[in-house]
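Written below as structure tokens is the structure these notes are about.
2 protein chains.
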Amino acid sequence: MLIASNHGVCYFAIMKDQSNTPSRFKRSPCPVACTLDVLGDKWTLLVVRDLFAGKKTYGEFQHSPEKIPTNILADRLKRLVAHEIVAKEPYQARPVRYQYVLTEKGRELGPVLKAMVQWGEKHVPGSKALMKPAG
Amino acid sequence: MLIASNHGVCYFAIMKDQSNTPSRFKRSPCPVACTLDVLGDKWTLLVVRDLFAGKKTYGEFQHSPEKIPTNILADRLKRLVAHEIVAKEPYQARPVRYQYVLTEKGRELGPVLKAMVQWGEKHVPGSKALMKPAG
DNA sequence: TCAGTTACTTGCTAATTGCAAGTAATCATG
DNA sequence: CATGATTACTTGCAATTAGCAAGTAACTGA
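See below:
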């Protein structure tokens with residue numbers, strides 16, 4: 531697996547913005563750094579995992595086994611929506627209830643999650659993907 | 531990309547330790563959570579990226595474009611060594627100089643990095659993998 | 001001898017995390 | 001109509017972590 535030769539790794543990186551969009555702050559143009567700027571923390575990808583697993587509501591995320599603190603969950607959902615990885619849409623009126631769904635951009639995080647699942651299962655003792663009841 | 535059906539996503543997770551090794555603390559047995567416990571932060575995977583790019587010494591990591599603070603670099607190298615993702619070995623005596631190299635476990639993070647490169651290049655404007663001069 | 005390099009450590013402040021509790025809107029029951 | 005439950009959050013605060021600047025130790029080369 532040669533990251534450098536297949537896709538390049540920023541080596542001589544320059545901080546000037548190469549896009550014409552009003553870009554957010556970036557540490558460097560390296561795609562690994564850029565991706566980590568969005569989801570480089572302990573919780574964000576767990577929310578994305580839950581979305582892949584079919585969870586949709588705030589309460590469902592909250593009750594995942596890792597017990598994410600509610601303020602962090604609210605913050606991460608806000609950030610995921612801001613990054614257009616997740617869309618927030620009402621699924622009923624009175625009372626208004628929202629569900630969170632992955633956008634196409636979000637669904638394309640699948641390979642990242644998949645690679646982490648494979649690495650975790652192979653290298654972290656006691657790590658085991660449990661199937662959903664139906665699976 | 532169906533994470534749930536291909537590899538499972540912990541859904542009904544139980545916190546008891548399923549391994550017989552003296553396991554480190556885990557938030558859950560989910561492989562995504564376990565992987566994030568090891569490298570779920572802004573800096574760890576950047577060091578791994580540098581190792582994939584051929585960097586070996588403390589100074590080389592330090593001079594990467596993202597300018598990692600030195601105390602965090604020291605901490606992350608220590609953690610990567612503790613997790614046996616990286617090995618620290620002397621490459622010269624007098625003065626003793628150390629180099630850091632990926633173990634097999636570390637090299638198997640390639641697919642995670644590769645997935646992030648692909649996602650970053652596609653979805654983060656201004657994100658661009660720059661080739662090494664020789665590449 | 002004296003600046004320079006490598007590989008860190010230390011001190012301190014700022015930002016983020018995580019726990020607990022509180023809030024607001026609405027619904028379901030008696 | 002009052003009471004309790006549910007959903008989806010927000011707020012306050014202590015503890016942890018990040019990040020900047022500076023310092024240290026062991027050499028090297030001039």
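Top line first, the protein sequences correspond to chains D and U. Our numbering applies: residue 531 is where the first sequence begins, and numbers increase by one. Our numbering applies: residue 531 is where the second sequence begins, and numbers increase by one. A virtual CB, placed ideally from N, CA and C, is assigned to each residue, including glycine. All values reported here derive from a predicted model rather than from experimental measurement.
Whole-angstrom distance between residue j and residue i, CA atom to CA atom
{"i": "residue 638 of chain D", "j": "residue 630 of chain U", "result": "32 Å"}
{"i": "residue 616 of chain U", "j": "residue 610 of chain U", "result": "5 Å"}
{"i": "residue 575 of chain U", "j": "residue 636 of chain U", "result": "10 Å"}
{"i": "residue 551 of chain U", "j": "residue 655 of chain U", "result": "In this prediction, residue 551 of chain U has a pLDDT of 39, which is less than 50 and means its spatial position is unreliable; nothing more can be read from the coordinates."}
{"i": "residue 567 of chain D", "j": "residue 645 of chain U", "result": "15 Å"}
{"i": "residue 586 of chain U", "j": "residue 579 of chain D", "result": "33 Å"}
{"i": "residue 562 of chain U", "j": "residue 582 of chain U", "result": "22 Å"}
{"i": "residue 647 of chain D", "j": "residue 622 of chain D", "result": "34 Å"}
{"i": "residue 555 of chain D", "j": "residue 570 of chain U", "result": "20 Å"}
{"i": "residue 597 of chain U", "j": "residue 613 of chain U", "result": "23 Å"}
{"i": "residue 652 of chain U", "j": "residue 619 of chain U", "result": "37 Å"}
{"i": "residue 641 of chain D", "j": "residue 659 of chain U", "result": "18 Å"}
{"i": "residue 577 of chain D", "j": "residue 625 of chain U", "result": "48 Å"}
{"i": "residue 643 of chain D", "j": "residue 606 of chain D", "result": "17 Å"}
{"i": "residue 588 of chain U", "j": "residue 573 of chain U", "result": "14 Å"}
{"i": "residue 628 of chain U", "j": "residue 608 of chain U", "result": "13 Å"}
{"i": "residue 553 of chain D", "j": "residue 584 of chain D", "result": "Interpretation of residue 553 of chain D is limited by its pLDDT of 49, a score under 50 that renders its predicted location unreliable; no figure is taken from the coordinates."}
Contacts of residue i in chain U (Cβ-Cβ under 8 Å)
{"i": "residue 653 of chain D", "result": "635, 638"}
{"i": "residue 622 of chain D", "result": "Ordered by position in chain U, no residue passes the 8 Å Cβ test against residue 622 of chain D, which lies about 24 Å from the chain."}
Boundaries of the beta strand (DSSP E) in which residue i is found, first to last residue
{"i": "residue 655 of chain U", "result": "Note, residue 655 of chain U: premise wrong, no beta strand (DSSP E); not H, not E."}
{"i": "residue 618 of chain D", "result": "616-622"}
Under 7 Å by beta carbon: chain D residues contacting residue i
{"i": "residue 616 of chain U", "result": "Simply none; closest approach about 13 Å."}
{"i": "residue 589 of chain U", "result": "Within chain D, no residue comes near residue 589 of chain U; the closest Cβ sits about 15 Å away, beyond 7 Å."}
Within chain D, partners of residue i - CB distance below 9 Å
{"i": "residue 609 of chain U", "result": "Here the premise fails: no neighbours, minimum Cβ distance about 14 Å."}
{"i": "residue 648 of chain U", "result": "537, 561, 638, 641, 642"}
{"i": "residue 612 of chain U", "result": "Per Cβ cutoff of 9 Å: no residues; residue 612 of chain U is ~13 Å from chain D at best."}
{"i": "residue 604 of chain U", "result": "Under the 9 Å cutoff, chain D gives no residues; its nearest Cβ is about 19 Å from residue 604 of chain U."}
Contact belief for residue i with residue j at Cβ below 8 Å, rounded distance in angstroms
{"i": "residue 649 of chain U", "j": "residue 565 of chain D", "result": "6 Å"}
{"i": "residue 558 of chain U", "j": "residue 559 of chain D", "result": "Going by Cβ atoms, the distance from residue 558 of chain U to residue 559 of chain D rounds to 35 Å, so no, they are not a contact pair."}
Element boundaries [alpha helix (DSSP H), containing residue i]
{"i": "residue 569 of chain D", "result": "561-569"}
{"i": "residue 606 of chain U", "result": "600-612"}
{"i": "residue 631 of chain D", "result": "That residue, residue 631 of chain D, is in no alpha helix (DSSP H); its beta strand (DSSP E) goes 627-632."}
{"i": "residue 590 of chain D", "result": "588-592"}
{"i": "residue 582 of chain D", "result": "574-582"}
Residues that residue i contacts on chain U, provided the C-beta gap is smaller than 7 Å
{"i": "residue 563 of chain D", "result": "576, 596"}
{"i": "residue 557 of chain D", "result": "596"}
{"i": "residue 627 of chain D", "result": "Within chain U, no residue comes near residue 627 of chain D; the closest Cβ sits about 22 Å away, beyond 7 Å."}
Neighbour list for residue i in chain U, Cβ cutoff strictly below 9 Å
{"i": "residue 571 of chain D", "result": "566, 570, 571, 572"}
{"i": "residue 586 of chain D", "result": "Within 9 Å Cβ-Cβ: nothing; residue 586 of chain D doesn't reach chain U, min ~14 Å."}
Checklist entry - Are there three or more Cβ pairs, one per stretch, closer than 8 Å when the segment 591-605 of chain D is compared with the segment 592-599 of chain U? => result no
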